[in-house]
Amino acid sequence: MVAQHSPSHPNPNAQNAWPVYGHRWAVRNLARALAAPGGTRQAYLFLGPRQVGKSTLVRAFATALFCTGEAKPCGHCRSCTLMAHGSHSDYHTVAPMDGGDPPKIDRITGKLYQEQAENLVADAWLRPFEGAHKLFHIQDAQRATTDRFLNLLLKTVEEPPESTIICITALDRESVLPTIVSRCQVFDLQPLDHPTITQALVEGWNVPHEQAALLARLSAGRLGWAVEQAQRPAMWQERQTRLEQLWALLRADRNERLALSEQMAGRSTQLYAMLELWAVWWRDVMLVQAGGADACCNTDFRPELERQAQALRPEQVRDYIRTMRRVEQSLRTNVNARLALDVMLLRLPHLT
Amino acid sequence: MRVSCLQENLAKGLSIVSRAVSTRSTLPVLGNILIEARGSQLRLAATNLEIGINCWIGAKVDDEGAITVPARLLSDFVNSLPPERVEMELSTRTQTLHLRCARIDANLKGIDSSDFPIMPTISGSNDAEDAATQVAGTAIELEPVGLRKMIDQVIFAAASDESRPTLAGVEVTFKDGLIRMAATDGYRLSVRSARIEGATPSDGAVIVPSKSLGELGRISADGDEAHKIVALIPEQNRNQILFQVWGKPDTRGGFHRVELVSQLIDARFPDYRAIIPKKHDTRTVVDTAALLKAVRVASLFARDNANIVRVKITGGNGTEGGQVQLMAQSAEMGDNATEIDAMVEGPDLEISFNAKYLIDVLSQIELGQVLLETTQANRPGKLYPVGMGEDEFLHVVMPMHSPR
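Protein sequence lines, in the order shown, are assigned to chains A and B.
Taking the numbering used here, the leading residue of the first sequence gets 62, the next gets one more, and so forth.
Taking the numbering used here, the leading residue of the second sequence gets 8, the next gets one more, and so forth.
Structure representation (structure tokens):
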């Protein structure tokens, strides 16, 4: 699901050699900690929205930590090459797994299992394999569905062996046990601004400028999302189809709406993508109504935005955004998807 | 790479290194076995980042090279081949290994060998090209049979659950020309020492995962008993301990040598000397085999009762010798008592132990008689074979609360 920001791309930030776009203060802070002897902490917690660049930052930190070259990360030494291939033996990822056999990584709906924590605790006490450090990266700590996963880690996170560093990534502070948060240095990563993302897409992934600018607006500051979309040519067509579907639904009767609900209820991944797209669309409609059309994301569909902004009352749009948010929350907490979607689609405003 | 070797040798080598293949790692390359052809040997290697095993087998190398291929598939495939020559050829462009044996052909898709973790090797293998991975340090030579015995007598006492990583390891100490292994899980302690002949390293201690030592014991059983096992702790960044086992390459299904690399546990081992009882009140000498048999019988009845075996020690009265009575009972199933002769010095005592712990230690004692030293029913008991001395082999086991 999550695009990897390939570290092989040229230096994005003039200030440092880390293969990370944006998040300058975090990079500066971590680089300084690496430069000072004994400057690193035993545990870090990286918070921020999905695909904002948390894991990329952890990988870059690990690369710099393991690097044996002069300017860290040098990008040429064995450690750097292995990190770029994703096969460094001292870099351990613990990611949510689906319940299948063999289990596969599933960062959206998977779980962090107790067994994974137990393995981590045992592995943490082994000396590093190749270098002087080893780093454990716990991804999506919010997917630890019971407290047991994190509770098992408490002691190790507080006092791992000197050679071990633990990095945890999660959506927000509330989704991680407070006892874990207090044991970590916390980096609250913020969404990137449009120019940074545009520049990153143009320089790093050769996206045409105009397309990059639009993606930057749509991405809500998440470079990972923008990169993923840019690498999927079908994305533009999908987006247009989904938006047109929404516009058609505004004019559709109950039966047609319920038919879509039935169709979407089983496909959770697509569903969340659709909800996200809709939310941005309604936000844009609201912005146009409030006279802030310049801040819109869907700039390529400006005429349709204006048409809907005129036809609907601001309260209608605001209420519907609230409904959508409530429905999304319900969906994530295991409510019957079909019923939740029925509500969401029936409450959609009507256009004549 | 173009190389050929005998199916039996390849199958043996694969079965040895497969034990170190990772089953839970997120690194795909760790699910693979490294195959490297160089000189006149084929090196097979696998690691799960805790244990790494290198195995060299005899081969005819036409073209040197290396590749990693999926472990399960390769082992299962090689095991199903007839005992003939296996020819292997690597296509570097596609990273595919072609195998041919008799009239069976296979292509295995691999991962570049440079992605495989670098494992250190012990110098002295007369292979100049290995120099890059060879590490310096004092090599200690150990008798295979003695070492295996030593491992067996210690590792069973290590903790088996990994929630206490330190206790899942064995402390290996080098001091005053002695090697000492100690393991404890908090309920029992096993310590075994032996003299090192030849070069001795500087004093120091490391913690080795008990699994690694178990693996070493298993590998050395296939090795050449006449050839000493070499152990080495690298001088620089002491992350690992290396063991080298020489094999019998001329027999069918034999190997040249195996090197086991074990990561060390990065922690302090608890100071176990404090729990070894300094004095004793009652000394009991019994026949090892008779005691083991009696405990085994008692354990049948103790199964439902937390494995509690009551040991009743009664002293003699001059003309008659003393006795040890072993009792176990289950509220629902019944009870049992076995009496065996013993030489008892000191006051009578009734003390309870976990039957499993007694069986574990007694089955590792080869000498005919065993000595049990006790003080009170709630103090640990000390056990060692008669004729070995407690500085050689010593076992401490915590008592259990007797049911009232």
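Glycine residues also receive a C-beta, built at the ideal position from the N, C-alpha and C atoms.
Treat the numbers as computed from the prediction; the structure is a model and nothing was measured.
Chain B beta carbons: is any one of them nearer than 7 Å to that of residue i?
{"i": "A/A28", "result": "The question about residue 28 of chain A has no answer, for chain A in this structure spans 62 to 413."}
{"i": "A/H194", "result": "no"}
{"i": "A/L140", "result": "According to the sequence shown, residue 140 of chain A is Ser rather than Leu. No, its Cβ sits nowhere closer than 7 Å to a Cβ of chain B."}
{"i": "A/L187", "result": "yes"}
{"i": "A/F197", "result": "no"}
{"i": "A/S150", "result": "yes"}
{"i": "A/S154", "result": "Here the sequence assigns Thr to residue 154 of chain A, which means Ser is not the residue at that position. Taking Cβ atoms only, chain B reaches closer than 7 Å to A/T154, which makes this a yes."}
{"i": "A/F190", "result": "yes"}
{"i": "A/K216", "result": "no"}
Under a CB-based cut-off of 7 Å, is residue i close to chain A?
{"i": "B/E178", "result": "no"}
{"i": "B/E43", "result": "no"}
{"i": "B/T101", "result": "no"}
{"i": "B/Q141", "result": "no"}
{"i": "B/I272", "result": "yes"}
{"i": "B/L56", "result": "yes"}
{"i": "B/P277", "result": "no"}
{"i": "B/D122", "result": "yes"}
{"i": "B/L34", "result": "yes"}
{"i": "B/A135", "result": "Confidence at B/A135 is low in this model, with a pLDDT of 49, below 50, so the placement of that residue should be treated as unreliable; the coordinate-derived value is given next. Taking Cβ atoms only, chain A never reaches closer than 7 Å to B/A135, which makes this a no."}
Between the alpha carbons of residue i and residue j, how many angstroms are there, rounded?
{"i": "B/A143", "j": "A/A273", "result": "55 Å"}
{"i": "B/A18", "j": "B/A206", "result": "35 Å"}
{"i": "B/I372", "j": "B/S197", "result": "12 Å"}
{"i": "A/D151", "j": "B/G59", "result": "14 Å"}
{"i": "A/R399", "j": "A/M385", "result": "14 Å"}
{"i": "B/L13", "j": "B/E91", "result": "6 Å"}
{"i": "B/A52", "j": "B/K116", "result": "17 Å"}
{"i": "A/G99", "j": "A/Q200", "result": "25 Å"}
{"i": "B/E397", "j": "B/V318", "result": "22 Å"}
{"i": "B/V85", "j": "B/L220", "result": "27 Å"}
{"i": "A/Y333", "j": "A/D403", "result": "15 Å"}
{"i": "A/H198", "j": "B/D183", "result": "42 Å"}
{"i": "A/H194", "j": "B/L56", "result": "13 Å"}
Going by alpha carbons, who is nearest to residue i out of the options?
{"i": "A/M296", "options": "A/T230, A/G327, A/R102 and A/S280", "result": "A/S280"}
{"i": "B/A281", "options": "B/L34, B/T191 and B/S47", "result": "B/T191"}
{"i": "B/L378", "options": "B/V393, B/I366, B/F276 and B/G388", "result": "B/V393"}
{"i": "B/I214", "options": "B/V179, B/N246 and B/I64", "result": "B/V179"}
{"i": "B/I315", "options": "B/D342, B/M407 and B/Q48", "result": "B/M407"}
{"i": "B/S209", "options": "B/S200, B/L185 and B/P277", "result": "B/L185"}
{"i": "B/D231", "options": "B/R245, B/W253, B/N246 and B/L220", "result": "B/W253"}
{"i": "A/R408", "options": "A/P239, A/Q377 and A/P221", "result": "A/Q377"}
{"i": "B/S200", "options": "B/M8, B/M405, B/V404 and B/Y391", "result": "B/Y391"}
{"i": "A/W339", "options": "A/R383, A/D167, A/D184 and A/P294", "result": "A/R383"}
{"i": "A/T330", "options": "A/D167, A/H194 and A/A132", "result": "A/D167"}
{"i": "A/R368", "options": "A/V349, A/P222 and A/R379", "result": "A/V349"}
{"i": "B/G65", "options": "B/E71, B/G211, B/E96 and B/G261", "result": "B/G261"}
{"i": "B/A164", "options": "B/V85, B/K218 and B/A212", "result": "B/K218"}
{"i": "A/P410", "options": "A/Q390, A/A401, A/A370 and A/R393", "result": "A/A370"}
{"i": "A/P256", "options": "A/A92, A/V247, A/W266 and A/H270", "result": "A/H270"}
{"i": "A/F190", "options": "B/S47, B/N39 and B/L271", "result": "B/L271"}
Would you grab the beta carbon distance between residue i and residue j for me? Rounded to a whole angstrom, and I think it's under 8 Å.
{"i": "A/R111", "j": "A/R283", "result": "7 Å"}
{"i": "A/L304", "j": "A/F210", "result": "Not quite, the Cβ-Cβ distance comes to about 39 Å (not below 8 Å), so this is no contact."}
{"i": "A/I229", "j": "A/L196", "result": "Wrong, their Cβ atoms sit about 11 Å apart, outside the cutoff."}
{"i": "B/A309", "j": "B/Q330", "result": "Contact flag wrong, Cβ pair sits at about 20 Å."}
{"i": "B/T381", "j": "B/H287", "result": "6 Å"}
{"i": "B/S32", "j": "B/S82", "result": "Rounded, the Cβ-Cβ distance is 17 Å, inconsistent with contact."}
{"i": "A/F107", "j": "A/L232", "result": "Rounded, the Cβ-Cβ distance is 10 Å, inconsistent with contact."}
{"i": "B/P89", "j": "B/C108", "result": "7 Å"}
Of all the residues that make up the region 230 to 253 of chain B, which are near chain A by a beta-carbon distance shorter than 9 Å?
N244, R245, N246 and Q247
Short-range partners of chain B found in the region 124 to 148 of chain A, where Cβ spacing is below 9 Å
R139, T142, L143, H146, G147 and S148
If the cut-off is 8 Å on Cβ atoms, which residues from the region 221 to 245 of chain A count as contacting chain B, listed in chain order?
P222, E223, S224 and T225
Determine which residues of the region 160 to 182 of chain A have a Cβ less than 7 Å from any Cβ of chain B, and write them out in chain order.
E179, N180 and V182
Listed in chain order, which residues of the region 167 to 198 of chain B have Cβ atoms closer than 8 Å to some Cβ of chain A?
E169, S170, P172, T173 and A175
Residues of the region 73 to 94 of chain B in Cβ contact with chain A at a cutoff of 8 Å, in chain order, please.
none
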